[in-house]
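Note sheet for the following structure.
2 protein chains.
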Amino acid sequence: MEREMEERMNAPASIAPLRFALLAEAGGGQARRGELRLARGAIQTPAFMPVGTQATVKTLHPDEVEATGARIILANTYHLMLRPGLETLRDAGGLHRFMGWRRPILTDCGGFQIFSLAQHARVRDEGVTFRSHIDGSPHALTPERAVDLQIGWGSDIAMALDHLVGLPASREVVRDAAERSHRWLARCVARHRELDGASGGTALFGICQGGLEPDLRRDSARVVAAADVAGCAVGGLSVGEPKEEMAAMLEVVTPELPRDKPRYLMGVGSPEDLWMGVERGIDLFDCVLPTRLARNGALFTPGGRIAIRNRRWSQHHRPIDETCDCDACSRFTAAYLHHLFRANEVLGLRLASVHNLRFLAREMEAIRAAIEADAFGSAAAAFRERYRPVGAT
Amino acid sequence: MEREMEERMNAPASIAPLRFALLAEAGGGQARRGELRLARGAIQTPAFMPVGTQATVKTLHPDEVEATGARIILANTYHLMLRPGLETLRDAGGLHRFMGWRRPILTDCGGFQIFSLAQHARVRDEGVTFRSHIDGSPHALTPERAVDLQIGWGSDIAMALDHLVGLPASREVVRDAAERSHRWLARCVARHRELDGASGGTALFGICQGGLEPDLRRDSARVVAAADVAGCAVGGLSVGEPKEEMAAMLEVVTPELPRDKPRYLMGVGSPEDLWMGVERGIDLFDCVLPTRLARNGALFTPGGRIAIRNRRWSQHHRPIDETCDCDACSRFTAAYLHHLFRANEVLGLRLASVHNLRFLAREMEAIRAAIEADAFGSAAAAFRERYRPVGAT
């Protein structure tokens, strides 16, 4: 880690913190194969980013996360600003050193958690005030502060602050939030430039909003596309709307986004949604789903999700997924995992988390290989033929 | 694992499953340095055995347990017989294969948990009947059944069934339980012989009882010493009595035990008690203490226990224990562990468990080196000078 951090320190200030190269595009479709280069490492795209909400991917050691194939993880600005806080992270030598993860970290802007988790969130043009869900203490987040925090603890990719609204919402509410997000994006870009975040190694992404209104989505995509950012994110989706509507919004948005910048669909991570997103031109995904499902005993397999607590696994002395090379499948049986879950043993949560993350990483490997072989369409069809989603509409 | 299991299968039936060699004895004292050889591996003694109650050392992967230096672990017959049960363990290819631990496993006899955890335990000379703490289902355990179970799932060391009484208890109650334990021991030895447990790779240990009554303890030690067992255990101590009384009982018991068989003090595992036990001739220890304390955020350090949730660690950007080579101390800071505990993150429980087990393993390494160098007394004194026990009387 020391060496890599030094290398980063010594990198010429003039080099952009993020370089994105498009390596292949699926013939006739939007699916793209790329490489995203950051000072702390390269990421082959499309890629899925595991979520380490509170500076740890739940239940896992950073070495285990890396062993699943993850090359970038996400952490949450809302959580980190409250606990342990910027000062502690700075004193620790940055977020990476604090949590023992040497590869890139993307931090979200805090917006989503403020509107979903914090208490008494109040939005003004200046920014958001809210109370901590931990101890009720009052806090404020402005676009500038969101950038300060993320640069301060050393994020490789920082997200601009956005204003999220729950769906369904009236057109006027959606429009108001999207326009505020645009004004905040401009302030984030200015702050990022003022602090010379790029030389410090932090790239900035913008987020487009617009709910389920095609014209607002298109307008928002154009604003983000025109901004001086290193990548473009699609926010405010995967919040409970039907999957067809999410897909329809992506079809409106991605054609507006610059071809040469990475595109990130926030909060998406079911096996079927990853294929759907890539098909519509998305390069990056994140979601707590694989690790949260794992802790509930729901495991991805090629045929669909299984519930490991179900009695049918109690005598299954074979791996959960015979095709999988993860530690859970290489070393342990479904019967053992069933036992661990029945006995409420932490090792069960760990092995299930390792498996679900490895499952998604292997899925992304298969997606990348399919794009390279110009066979994305048939690979997607084969996946859909085989995998039975749960909760899909 | 496959290879080692085959080796075991092919081992000549005439070879004892356990060989114990005394390598050194501390001049003037009882402390012994030995080597315990089992088909699945050798154990340098004195040794501490981490506890994997339900076929997993809580929160840890078997590789992590091994990396702490553990060369044998303990599992609980009471828990395993209820869940997952003998049949599942047999179908899995044995306990080792089920839980992914390839080195030796000692299983206790179930007595302690039946009397401390199960409901409606009722003792007759035939055996014990009780109800499961999980679902209230009725069960019975006899000396024969205890041996059948432990041989059945492939324990390397099986413990004879004993009758434990809580302390304080009247002399008559203690005597009655000790005498029943002796009758049960004889039946366990007979059953172990009948099943040819030794050729199957399972060694049998006897357990002496006798509460805090010196003469009953001495008598019980003599009965166990005279039995055809591979090792002798001291049970019924460390159940809340003052530490001086435990020490006094050991001073009565160990002189009665055969010099050439390993001696195991059950349920003991605080740093200070390990020195105390070795000093009185004990070779093996087990206890849930290091892992249970760890999950409560209490960590062993050379100066004594610390509470990692305490605010004083929030800005300590150094390892918990600068002298420790465990993963928690090599890769992470006290500030990060503090954060993980405050944020209720599982990785905190894991790192703390790794650290406490490694701390005890290193302590046992130091004890063995001290005996070899004929410097046990001064090493014990140096430890006591430095280490401040918590809860010591």
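The listed protein sequences correspond, in order, to chains V and R.
In terms of numbering that gives the first Met the number 0, the first sequence is residues 0 to 392.
In terms of numbering that gives the first Met the number 0, the second sequence is residues 0 to 392.
Yeah, the Cβ is synthetic: ideal placement off N, Cα and C, and Gly gets one too.
Fair warning: this is a prediction, and the values are worked out from it, not measured in the lab.
Review point. Between which two residues does the beta strand (DSSP E) containing residue 128 (chain V) stretch?
Key: 127 to 130
Practice item. Would you verify that the beta carbon of residue 334 (chain R) is, or is not, closer than 8 angstroms to some beta carbon of chain B? Key: Absence of chain B from the displayed structure is noted, the protein chains being V and R.
Check your understanding: Does the beta carbon of residue 97 (chain V) come closer than 8 angstroms to any beta carbon on chain R?
Key -> yes
Review point. Looking at chain V, which residues of the stretch 63 to 88 of chain R have a Cβ within less than 7 angstroms of any of its Cβ atoms?
Key: 82, 83 and 87
Review point. Given a limit of 8 angstroms on CB to CB distance, which residues of the stretch 293 to 322 of chain V reach chain R?
Key: 313, 314 and 316
**Study point:** Any chain R beta carbon closer than 8 angstroms to residue 344 (chain V)
**Key:** yes
**Study point:** residue 55 (chain V) at chain R interface by Cβ criterion, 8 angstroms
**Key:** yes
Point to revise | Where residue 90 (chain V) meets chain R, residues with beta-carbon distance less than 9 angstroms | key: 314, 316 and 334
Check your understanding: Buried or exposed: where does residue 294 (chain V) fall if 16 or more other Cβ atoms within 10 Å of its Cβ makes it buried?
Key -> buried
Check your understanding: Going by the CB atoms, is the gap between residue 255 (chain R) and residue 217 (chain R) shorter than 8 angstroms?
Key -> yes
Check your understanding: Can you tell which of R:385, R:41 and R:133 has the C-alpha that lies nearest to the C-alpha of residue 301 (chain R)?
Key -> R:385
Review point. Cβ atoms of residue 231 (chain V) and residue 224 (chain V): under 8 angstroms apart, would you say?
Key: yes
Point to revise | Where the stretch 112 to 145 of chain V meets chain R: residues whose CB sits under 8 angstroms from a CB there | key: none
Point to revise | Start-end ranges of the alpha helix (DSSP H) lying completely within the stretch 332 to 359 of chain R, minimum 4 residues | key: 333 to 341
Review point. Hey, is residue 60 (chain V)'s beta-carbon within less than 8 angstroms of any beta-carbon in chain R?
Key: yes
Exercise for review: Could you tell me the boundaries of the alpha helix (DSSP H) in which residue 393 (chain V) lies?
Suggested key: The first residue shown for chain V is 0 and the last is 392, placing residue 393 (chain V) beyond what the model contains.
Check your understanding: Do you know offhand how far residue 194 (chain R)'s Cα is from residue 79 (chain V)'s?
Key -> 60 angstroms
Point to revise | Proximal residues to residue 307 (chain V) (C-beta, below 8 angstroms), its chain only, five neighbours per side dropped | key: 296, 297, 298, 319, 333, 336, 337, 340, 347 and 351
Review point. Is residue 81 (chain R) helix, strand or coil when you go by DSSP?
Key: helix
Review point. Leaving out five residues before and five after residue 8 (chain V) in sequence, what residues of the same chain have Cβ atoms less than 8 angstroms from its Cβ?
Key: Unreliable positioning characterises residue 8 (chain V) in this predicted model, as indicated by a pLDDT of 41, which lies under 50. The coordinate reading is nonetheless provided below. Correct list: empty, nothing qualifies.
Check your understanding: Name the chain V residues that come within less than 8 angstroms of residue 340 (chain R), Cβ to Cβ?
Key -> What residue 340 (chain R) touches in chain V: nothing, since even the nearest Cβ is about 11 angstroms away.
Exercise for review: Quick one: give me the first and last residue of the alpha helix (DSSP H) that residue 201 (chain V) is part of.
Suggested key: From DSSP, residue 201 (chain V) is part of no alpha helix (DSSP H); its letter is neither H nor E.
Check your understanding: In chain order, what residues of the same chain lie with their CB nearer than 6 angstroms to the CB of residue 180 (chain V), ignoring the 5 residues before and after it?
Key -> 161, 162 and 208
Review point. Considering only residues of the same chain and omitting the five flanking positions on each side of residue 215 (chain R), which have a CB-CB separation below 7 angstroms?
Key: 173, 174, 177 and 209
Check your understanding: By how many angstroms is the C-alpha of residue 103 (chain V) removed from the C-alpha of residue 29 (chain V)?
Key -> 26 angstroms
Check your understanding: What residues from chain R crowd round residue 393 (chain V), counting only those whose CB sits closer than 7 angstroms?
Key -> Summary: the structure shown does not reach residue 393 (chain V), with chain V confined to residues 0 through 392, and so no result is reported for it.
Point to revise | According to DSSP, residues forming a beta bridge with residue 281 (chain R) | key: Residue 281 (chain R) pairs with nothing; no bridge assigned.
Review point. Buried or exposed: where does residue 167 (chain R) fall if 16 or more other Cβ atoms within 10 Å of its Cβ makes it buried?
Key: exposed
Check your understanding: Are the C-beta of residue 330 (chain R) and some C-beta of chain V separated by less than 8 angstroms?
Key -> yes
Point to revise | Assumed close pair residue 120 (chain R), residue 187 (chain R) - CB separation to whole angstroms, cut-off 8 angstroms | key: About 19 angstroms; that fails the 8 angstroms criterion.
Check your understanding: Is the CB-CB distance between residue 31 (chain V) and residue 282 (chain V) below 8 angstroms?
Key -> yes
Check your understanding: Quick one, are the C-beta atoms of residue 236 (chain V) and residue 152 (chain V) less than 8 angstroms apart?
Key -> no
Review point. Taking all protein chains shown into account, do 16 or more other C-beta atoms lie within 10 angstroms of the C-beta of residue 22 (chain R), making it buried, or fewer, making it exposed?
Key: exposed
Review point. Do the CB positions of residue 285 (chain V) and residue 19 (chain V) come within less than 8 angstroms of each other?
Key: no
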